[in-house]
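Taking the numbering used here, I'd label the letters of the sequence shown as residues 354 to 498. Structure first, then comments.
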Amino acid sequence: MILTLPASAKYPVTNKRTIIRAQMYRQFAEGMEEVYRRVEEAGTGTLELEGLESEKYVLRVFVDDTGIQLAGPEDDFFTVDRDRLIAIQARGLFLNTLSMGGNVRNLSRNVVFESSNIDGLAKKIRVIRKGEDGTDTKDVFEVML
């Protein structure tokens, strides 16, 4: 995504004329958030899946579209090779295909990392679409074991 600024825009640079990234983020945070918001709202799909069908869809996205090899919905994400780019790609595919029921902003950019497996991710997406609380009562350390 690109936030286009006018040629006259003042931005923070070092004495060697390289951009100071942290200050750029602070200075243009509002504009960057607006770009993310527009992209997220425009990129929502219409597919609404429940139960086993949603698990099958999420599994298919990982196996077919990202190349991550998972045998089933119970396979732990933390035992397979996954990185930030794959997580971003998967989230984008979910947004383009699945209906989020007007709750796109609630689908965290880290949703893949916040879920331990396909089953948990599918449930989290369904809960967000329905606008439910979705607070998981499982102890985080219990999930890690």
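All C-beta atoms in this analysis are idealised placements derived from N, C-alpha and C, irrespective of residue type, glycine included.
Asked, Found
"Which residues DSSP lists as bridging Val-414, in chain order", "In DSSP, Val-414 forms no bridge with anything."
"Secondary structure of Gly-484, DSSP reduced to three states", "coil"
"Collapsed DSSP secondary structure at Asn-459 in the structure displayed", "helix"
"Given 8 Å, three or more beta-carbon pairs between the stretch 412-420 and the stretch 439-446", "yes"
"Given Met-453 as reference, the closest of Gly-473, Ile-471, Val-480 and Thr-371 once Cα atoms are compared", "Val-480"
"Exposed unless 16 or more other CB atoms sit within 10 angstroms - verdict on Gly-404", "exposed"
"Residue from Arg-390, Tyr-364, Glu-408 and Asn-463 whose Cα sits closest to the Cα of Tyr-378", "Tyr-364"
"Alpha carbon of Val-457 to alpha carbon of Val-464, nearest angstrom", "12 Å"
"For Asp-429: DSSP bridge partner residues", "Asn-470"
"Whole-Å CB distance - Thr-397 paired with Leu-474, under 8 Å assumed", "No, Thr-397 and Leu-474 are not in contact; Cβ-Cβ is about 17 Å, not under 8 Å."
"Reference Ala-362, options Met-354, Gly-384, Asn-368 and Lys-369, closest by Cα", "Gly-384"
"Cross-strand partners of Leu-400 (DSSP beta bridge)", "Leu-451"
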